[in-house]
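The structure appears right after this line, and notes come after that.
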Amino acid sequence: MSKKSPDAPPSQGSLTQGSLSHDPLTRGPYPELTLHAIIVGYLLGIVLAISIGYASLKLGFSIEGSELAAILGFGILRGMLRRRSIVENNVVQTVASGVNGASSGMMFSVPAIFILGYGTEFNPYVLTFGAIAGAFLGIAFIIPLRKQMIDYERLTYPGGVAVASILKSPGAGIRKALLLVGAMLLSGIVHVVSLVSGVEYWPLFEQLGLPAYLNGTWYLSLMTAAVAFIAGRGGLAFIIGGFVCYWVLAPLLDITGMFPVVDGTTITDPNQLRLILFRPTGIGMLIGGAIVGVLFALPLIASAIKSMQSSAKNNAALSKDEMPIKLLYFAVVGAAILLGVMAVTSAQEVGLLRGVVMAALGTLWIWMAGIILSESIGRTNWSPLSGLTLIAVTLLIMVTQMFGGMSTGPAIVAAITVGAATCVAMSQATDLMLDLKTGYLVGATPRKQQLGQFMGAWLGPIIVIILIFMLHKAFGLGGEEFPAPQGQALASMVEGITGGDVPAAKYIAGAVLGGLLSLLQTGLGITVGLGFYLPFSIVLTYAVGTLIREIVDRTKGQAWAENKGIPIAAGLIVGEALVGVGNAVYVIASA
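Below, the structure written as structure tokens:
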């Protein structure tokens with residue numbers, strides 16, 4: 092129910108004369124899509140896009156931003172502005188997550204252009220506007236399925252349920268916001284001290300005189316431990332992957348005398364071992380695991396088609412609570428045209444015919460993949476976004492080789508540019524369905540949430556592309572500071588398709604291993620592959636966060652971890668990320 096009579100009894104969204112007299116009096120309809128909600132949503136969305144994007148380039152995976160936006164929204168709307176409407180706070184987190192929706196979409200794709208060495212050969216304005224078009228396209232395509240997936244099929248969407256539980260606990264929401272802000276300040280101060288002192292790593296094993304290949308150096312990062320705390324046992328496979336490399340395989344190579352030999356020199360240095368052996372294998376595992384994950388998602392296509400048919404029969408899209416269907420048609424057609432313009436202008440060699448084909452393929456893939464992702468995350472809380480992005484770019488690369496074929500550089504730039512737009516669209520479709528599930532549980536108006544998602548979607552690509560350029564200019568993407576594992580996996584696959592010099596045997600071996608692991612458990616090949624790929628110092632610190640979560644769950648209970656531990660961990664992520672971005676600005680200004 093989205094409206095309230097002036098004579099209705101008091102509730103979380105409306106107060107009467109006798110209740111909490113020091114609070115503002117609210118009568119009539121709930122405040123929902125208000126100017127306050129939009130502005131606060133923009134501010135929080137920018138913070139989340141920067142923080143989660145920064146963490147994604149560090150760790151290779153992202154976390155859900157809606158819950159963080161809901162917690163921070165409580166702190167601002169209820170704690171500072173004294174506004175009492177649950178559905179207004181719901182719009183805040185919808186707008187904020189709409190801004191942040193570009194983060195995972197672009198972080199999985201755009202870094203590949205820089206890693207491949209074409210960072211100066213593409214038009215960032217074209218890519219940004221294309222990503223905005225893709226975001227609108229993803230939102231428009233998924234809206235007609237809301238009633239079928241949420242009202243009729245009642246898909247679970249665990250992330251949306253978690254946000255709804257926050258919105259329904261006003262007092263707890265305020266306390267969580269205070270914990271988050273306090274942890275953010277602590278993390279920011281600690282990271283400033285680390286940067287100023289130059290102490291970012293703790294070489295414990297080196298100090299103990301243990302073999303170098305065991306690689307016992309900890310990365311001093313509260314953000315990394317905090318991400319692990321939030322993931323909980325879900326990150327165990329990532330930890331196992333890293334430990335297998337340096338505490339199982341490296342000792343075996345030592346015992347058997349099978350360390351790699353380069354130019355007559357035996358390689359035992361852990362960093363060299365990672366570059367020569369473990370990282371290529373990990374990239375292969377990312378690709379193999381992603382492909383098998385998509386294969387697992389194929390049965391969802393039948394379910395998605397059934398949902399579309401049922402939606403049409405029930406006239407779901409014509410509900411008075413939904414956006415007008417004609418407006419959605421205009422959004423789809425307009426965004427598809429913009430996608431075509433982006434394809435044609437991304438490189439001179441593309442031409443009109445290839446551009447039209449790429450736009451049509453991108454539009455079709457956004458529709459199919461958006462439905463698959465929404466079904467997948469609604470039923471399992473797992474999203475094969477990276478795998479679908481890999482396939483999309485592969486198909487687009489194939490298009491660039493049609494009609495006479497394009498040169499390697501322009502083909503790569505064009506395919507990844509359009510691929511980034513499709514990736515953002517898929518991410519936005521998934522995010523909107525999570526938010527609509529939350530809205531369904533708290534009594535929000537779907538049409539107003541959908542408008543809020545559109546309002547947030549345009550800003551995200553602008554923030555994220557600035558962040559990518561900034562971090563690349565300051566530190567370089569694909570290096571030790573910002574490994575960008577998903578971008579590296581995409582870059583490696585593109586190199587393989589275009590005939591680049593890649594360690595094919597290691598990629599193939601890794602792909603087979605990653606695929607087999609993902610057959611055992613969905614997504615297992617990707618998470619283990621990240622452990623192979625990333626520096627072990629990150630894995631060790633991540634393991635500390637996982638251990639702390641396990642201890643907290645056993646000693647204080649999961650309720651304490653969810654109500655206090657996770658808000659603190661979220662603050663640690665935001666604080667370090669914002670300081671890290673500030674440091675990048677300083678590095679660029681000092682150059």
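Residue numbers (the working numbering): 92 to 682. We put the beta carbon where it would ideally sit given N, CA and C, even for glycine. Being a predicted model, the structure only gives us computed values, none of them experimental.
8 angstroms CB neighbourhood of L663 in its chain, flanking five on each side removed: Closer than 8 angstroms at Cβ, skipping near neighbours: A274, M275, L277, S278, L313, M314, A316 and A317.
Residues near G500 in its chain [Cβ-Cβ closer than 7 angstroms; skip 5 each side]: The residues are Y209 and E212.
Contact check, G578 vs G569, beta carbons under 9 angstroms: Yes. Within cutoff.
Separation of L344 from A600, as counted between CA atoms: Between the C-alpha atoms of A600 and L344 there is a straight-line separation of about 18 angstroms.
Pair within 9 angstroms by beta-carbon distance, S195 and S518: A contact, by the Cβ cut-off of 9 angstroms.
Same chain, Cβ closer than 6 angstroms to G251, five either side skipped, listed in chain order: Excluding its 5 nearest sequence neighbours in each direction, G251 has C-beta neighbours in its own chain below 6 angstroms: L525, K528 and T529, listed in chain order.
Start-to-end residues for the alpha helix (DSSP H) that takes in T646: Start and end: F627 to T646.
Coarse secondary structure for D114, derived from DSSP in three states: Reliability fails at D114, whose pLDDT of 46 lies under 50, so the model's placement of it is uncertain and the value that follows must be treated cautiously. D114: coil per DSSP, three-state reduction.
Option nearest Q541 by Cα separation, candidates I167, A140 and A187: Measuring from the Cα of Q541, the nearest candidate turns out to be A187.
Sheet register partners of W309 (DSSP bridge): Among the bridge pairs identified by DSSP, W309 is matched with W293.
E179: first and last residue of the uninterrupted alpha helix (DSSP H) it sits in: Unbroken alpha helix (DSSP H) run through E179: I177 to M198.
Contact test: G569 Cβ vs the ligand MG heavy atom, cutoff 8 angstroms: This structure simply doesn't include the ligand MG, nor any ligand for that matter.
Proximal residues to V504 (C-beta, below 8 angstroms), its chain only, five neighbours per side dropped: Hits under 8 angstroms: I204, Y209, E212, F213, S437 and A438.
Three-state class that DSSP yields for V352 in the structure shown: It is a strand residue.
C-alpha gap between G300 and A660, whole angstroms: Rounded to the nearest angstrom, the two C-alpha atoms are 33 angstroms apart.
Residues near W651 by beta carbon distance below 7 angstroms, same chain, minus five either side: So the qualifying residues of the chain are V643.
Sequence-distant residues of the same chain with beta carbon closer than 7 angstroms to L368, five excluded per side: Short of 7 angstroms from the beta carbon of L368, and not among the five residues preceding or following it, lie these beta carbons of its own chain, in chain order: P351.
Range of the contiguous alpha helix (DSSP H) that encloses R538: R538 -> alpha helix (DSSP H) spans P537 to A548.
L568 - DSSP class collapsed to helix/strand/coil: The DSSP-derived three-state label of L568 is strand.
Whether G323 touches T632 by CB criterion (9 angstroms): The answer is no: Cβ separation not under 9 angstroms.
Backbone CA spacing between P235 and A506 [nearest angstrom]: Looking at the two C-alpha atoms, the distance is approximately 29 angstroms.
Nearest residue (CA-CA) to V383, options A634, I617, G166 and P658: Measuring from the Cα of V383, the nearest candidate turns out to be I617.
Residue from I321, V131, G166 and M584 whose Cα sits closest to the Cα of G656: Answer by Cα proximity: I321.
Residue interval of the alpha helix (DSSP H) (run including N362): Looking at the DSSP string, the run of the alpha helix (DSSP H) that includes N362 is P361 to L364.
CB of K267 within 9 angstroms of CB of I162, strictly: If you check the CB distance, K267 and I162 come in under 9 angstroms.
Nearest-angstrom Cα separation, counted from G132 out to L139: C-alpha separation (whole angstroms): 10 angstroms.
Cβ-Cβ distance between L218 and T480 below 9 angstroms: The beta carbons of L218 and T480 sit no closer together than 9 angstroms.
Euclidean distance between Cα positions of L135 and A160: For L135 and A160, the gap between their C-alpha atoms comes out near 6 angstroms.
Cβ neighbours of G671 in the same chain (closer than 7 angstroms, five flanking residues each side left out): Answer for G671: Y145 and H282, listed in chain order.
C-alpha distance - F329 paired with P294, whole-angstrom precision: Whole-angstrom Cα-Cα distance: 21 angstroms.
CB of A193 within 9 angstroms of CB of V515, strictly: Contact flag set, yes.
Contact check, A520 vs G229, beta carbons under 9 angstroms: Between A520 and G229, the CB-CB gap stays under 9 angstroms.
C-alpha distance - F627 paired with T613, whole-angstrom precision: Going by the C-alpha atoms only, they are around 24 angstroms apart.
Range of the contiguous alpha helix (DSSP H) that encloses N674: I657 to S681 is the extent of the alpha helix (DSSP H) around N674.
Where T357 sits in the DSSP three-state scheme: In this structure, T357 counts as strand in the three-state DSSP scheme.
Span of the alpha helix (DSSP H) around G136: G136: member of the alpha helix (DSSP H) spanning L126 to L150, first to last residue.
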